[in-house]
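Colleague:
Number of protein chains: 2
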Amino acid sequence: MATLSAAQRRQEAKREYDAYVASCPSRKLLDRLSDKWVSLVLSALADGPQRYSDLARTIAGVSQKMLTQTLRTMERDGLVSRRVTPTVPVRVDYELTPLGWTLMPLMYAVKEWAEVHMEEVEAARAAYDADL
Amino acid sequence: MATLSAAQRRQEAKREYDAYVASCPSRKLLDRLSDKWVSLVLSALADGPQRYSDLARTIAGVSQKMLTQTLRTMERDGLVSRRVTPTVPVRVDYELTPLGWTLMPLMYAVKEWAEVHMEEVEAARAAYDADL
DNA sequence: CGGAATCCAGGGTGATACTG
DNA sequence: CAGTATCACCCTGGATTCCG
Numbered sequence: 001m002a003t004l005s006a007a008q009r010r011q012e013a014k015r016e017y018d019a020y021v022a023s024c025p026s027r028k029l030l031d032r033l034s035d036k037w038v039s040l041v042l043s044a045l046a047d048g049p050q051r052y053s054d055l056a057r058t059i060a061g062v063s064q065k066m067l068t069q070t071l072r073t074m075e076r077d078g079l080v081s082r083r084v085t086p087t088v089p090v091r092v093d094y095e096l097t098p099l100g101w102t103l104m105p106l107m108y109a110v111k112e113w114a115e116v117h118m119e120e121v122e123a124a125r126a127a128y129d130a131d132l
Numbered sequence: 001m002a003t004l005s006a007a008q009r010r011q012e013a014k015r016e017y018d019a020y021v022a023s024c025p026s027r028k029l030l031d032r033l034s035d036k037w038v039s040l041v042l043s044a045l046a047d048g049p050q051r052y053s054d055l056a057r058t059i060a061g062v063s064q065k066m067l068t069q070t071l072r073t074m075e076r077d078g079l080v081s082r083r084v085t086p087t088v089p090v091r092v093d094y095e096l097t098p099l100g101w102t103l104m105p106l107m108y109a110v111k112e113w114a115e116v117h118m119e120e121v122e123a124a125r126a127a128y129d130a131d132l
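From first to last, the protein sequence lines are chains A and B.
Each residue of the first sequence is one higher than the one before, counting from 1 in the UniProt record's numbering.
Each residue of the second sequence is one higher than the one before, counting from 1 in the UniProt record's numbering.
1) Which residues in chain B have a C-beta closer than 7 Å to the C-beta of Ser26/A? List them in chain order.
2) At a Cβ threshold of 7 Å, is Ser34/A touching chain B?
3) Quick one: which chain A residues come within Cβ less than 9 Å of Thr58/B?
4) For Thr85/B, count neighbouring Cβ atoms within 10 angstroms of its own Cβ and tell me buried if that reaches 16, exposed if not.
5) Mapping DSSP to helix, strand and coil, what is Thr85/B?
6) Quick check: is the beta carbon of Ala130/A nearer than 7 Å to any beta carbon in chain B?
7) Taking Cβ-Cβ distances shorter than 9 Å, what residues in chain B pair up with Val84/A?
8) Distance check for Leu30/B and Arg9/B, CA to CA, integer angstroms please.
9) Since Glu122/A meets chain B, which of its residues come closer than 8 Å, beta carbon to beta carbon?
10) Around the Cβ of Gln50/B, are there at least 16 other Cβ atoms within 10 angstroms (buried) or fewer (exposed)?
11) Counting C-beta neighbours from all protein chains within 10 Å, is the total for Glu115/A 16 or more, i.e. buried, or is it exposed?
12) Am I right that Trp113/B and Leu106/A are in contact with their C-beta atoms under 8 Å? What's the rounded C-beta distance?
13) Tell me Gln50/A's beta-bridge partners as DSSP assigns them.
14) Between the region 113-132 of chain B and the region 21-30 of chain A, do at least 3 Cβ pairs fall closer than 8 Å?
15) Please classify Ser39/B as buried or exposed, where buried requires at least 16 neighbouring CB atoms within 10 angstroms.
16) Do we get a CB-CB distance below 7 Å when we pair residue 138/B with the residues of chain A?
17) Quick one, which of Thr68/B, Leu45/B, Tyr52/B has its alpha-carbon nearest Gly100/B's?
18) Check each candidate in Glu122/B, Asp131/B, Ala130/B and name the one with the smallest Cα separation from Cys24/A.
19) Please report the residue range of the alpha helix (DSSP H) in which Asp31/B lies.
20) For Tyr20/B versus Ala19/A, is the C-beta distance shorter than 7 Å?
21) Thinking C-alpha only, which one of Tyr128/A, Val92/A, Arg76/A is nearest Ala130/B?
22) Comparing C-alpha positions only, which one of Leu42/B, Ala56/B, Leu132/B, Arg125/B sits nearest to residue 190/B?
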């Protein structure tokens, strides 16, 4: 990459984890981050702590199962924290951990990119399909 | 083309894409970008044009089918371009399009994040599992 | 309200074999 | 070398039901 200096490339080469290697834990982590719900949950929590039901409403179309499953995995990975308020009925809030906050901007940027460049992608698809 | 409803015309005029809405095209685009191979292909092409076999070697563990399928979709979406050199045997090079170059740094950052924060994630997992 | 558990259909995925 | 084709399987992910 042109934006990387030779020194940076050397440093990268020495890095312990390499996502290009299938057996590397970071590759599996990248696979997990490449879950379609993770980016949406992270982006949704950018506004601050939110209740389970708030997340379900913001992220339209997510099933209870997938939302819960995604939040559990993200909690286990240290990206979000779960706070239970033992009222009746129960209230559960999720918020980003410090680690989660370091990842959120990156995923948010991808989500933004998808929204901003949607037209160009659709134009490219139309052009591609026309050449068949 | 069929007559657009008032709501459709408003959306058309404002070009508002919201990835939180399940039916929004940008959501489907985000789902596609959330493919585990897309981020690796984009990152691999950050070094410049590469041959099919180079990509297959760099991205360890990808099957021919998935690599080809991923490249086809990315080509259709205008993220990569495909150049065939009709030698014998055939040589095929892939490179990022200008549109692909705008997305690459974002996905590359996510891949980097996974490598850099791997240890913290593993520590979080260990802590989570210990509390069961 | 915020889950857990179960069932189950569908398709995404990989292995394999073949081709220009 | 760079695919295409076929098949079988697993696992995702939705629907439903029940619980604290």
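Virtual Cβ for every residue (Gly too), placed ideally from N, Cα, C.
Modeller: In this structure, then:
1) Those within 7 Å of Ser26/A in chain B are Ala114, Glu115, Met118.
2) Yes, its Cβ sits closer than 7 Å to a Cβ of chain B.
3) Those are Tyr20, listed as they occur along chain A.
4) Label assigned to Thr85/B: exposed.
5) In the structure shown, Thr85/B adopts extended strand secondary structure according to DSSP, grouped into three states.
6) So no, Ala130/A is outside the interface.
7) None at all; the shortest Cβ gap to chain B is about 14 Å.
8) With a pLDDT of 43 at Arg9/B, under the threshold of 50, the modelled position of this residue cannot be trusted; read the value that follows with caution. Answer to the nearest angstrom: the Cα atoms are 24 Å apart.
9) Listed along chain B, the residues sitting closer than 8 Å to Glu122/A by beta-carbon distance are Pro25.
10) Its Cβ being crowded by 16 or more others within 10 Å, Gln50/B is buried.
11) With 16 or more Cβ atoms within 10 Å of its Cβ, Glu115/A is classed as buried.
12) Separation of the CB atoms of Trp113/B and Leu106/A is rounded to 6 Å, and the pair is thereby assigned contact status at 8 Å.
13) The partner list for Gln50/A (beta bridge, DSSP) reads Tyr94/A.
14) As far as the Cβ criterion goes, the region 113-132 of chain B touches the region 21-30 of chain A, which means the pair count is three or higher.
15) So Ser39/B counts as buried.
16) Since the first residue shown for chain B is 1 and the last is 132, residue 138/B is missing from the structure and cannot be characterised.
17) Closest by alpha carbon: Leu45/B.
18) Of the candidates Glu122/B, Asp131/B, Ala130/B, the residue whose Cα lies closest to the Cα of Cys24/A is Glu122/B.
19) Its alpha helix (DSSP H) spans residues 25-33.
20) No.
21) Measuring from the Cα of Ala130/B, the nearest candidate turns out to be Arg76/A.
22) Shown here, chain B extends from 1 to 132; a query on residue 190/B therefore has no answer.
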